[in-house]
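*Asks:*
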Amino acid sequence: MEGQYRKDIYPGQEVAIILKKDQRTGKLTYGIVKDLLTSAAYHSRGIKVRLTDGQVGRVAQTDVVDPEGE
């Protein structure tokens, strides 16, 4: 899992996150980081972020390309 270190995530970066409702399935949601919500430098389950569309979740992958091309 990537996205556990705050220093590796920045606004404007395209990431894949796991929403709270998708934690059991591990379904990824793709988007662009608007805000970093976790203040700690490290989080074992991923840094929590808000995407530009308002969705909030923990970063699962960085440097991704949305497979649906959105």
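In terms of my numbering, the sequence shown has 32 at position 19, counting the first letter as 1, and numbering is strictly consecutive. Beta carbons are placed, not taken as given, at the ideal position from N, Cα and C, and that holds for glycine.
For Q13, which residues from the same chain have a beta carbon less than 7 Å from its beta carbon, with the 5 sequence-adjacent residues on both sides left out?
*Replies:* The requested residue 13 does not occur in the structure, where the chain is confined to residues 14 to 83.
*Asks:* Using a threshold of 7 Å, state whether the C-beta atoms of A29 and Q74 are closer than that.
*Replies:* One-based indexing of the sequence shown puts residue 29 at position 16. One-based indexing of the sequence shown puts residue 74 at position 61. Cβ atoms of A29 and Q74: closer than 7 Å.
*Asks:* Determine the closest residue to I31 out of R19, K61, Y18, T65, with distance taken between C-alpha atoms.
*Replies:* What you label residue 31 is simply residue 18 of the sequence shown in a count that begins at 1. Looking at the Cα atoms, K61 is the closest of the given residues.
*Asks:* Write down the C-beta distance between K47 and R63 rounded to the nearest angstrom, noting that I regard them as a contact closer than 8 Å.
*Replies:* To locate residue 47, count along the sequence shown from 1; it is residue 34. To locate residue 63, count along the sequence shown from 1; it is residue 50. Confirmed, Cβ separation roughly 5 Å.
*Asks:* For I22, does the count of other Cβ atoms within 10 angstroms reach 16, so buried, or fall short, so exposed?
*Replies:* For the purposes of this step, residue 22 is taken as residue 9 along the sequence shown, with counting starting at 1. By the neighbour-count rule (16 or more Cβ atoms within 10 Å), I22 is buried.
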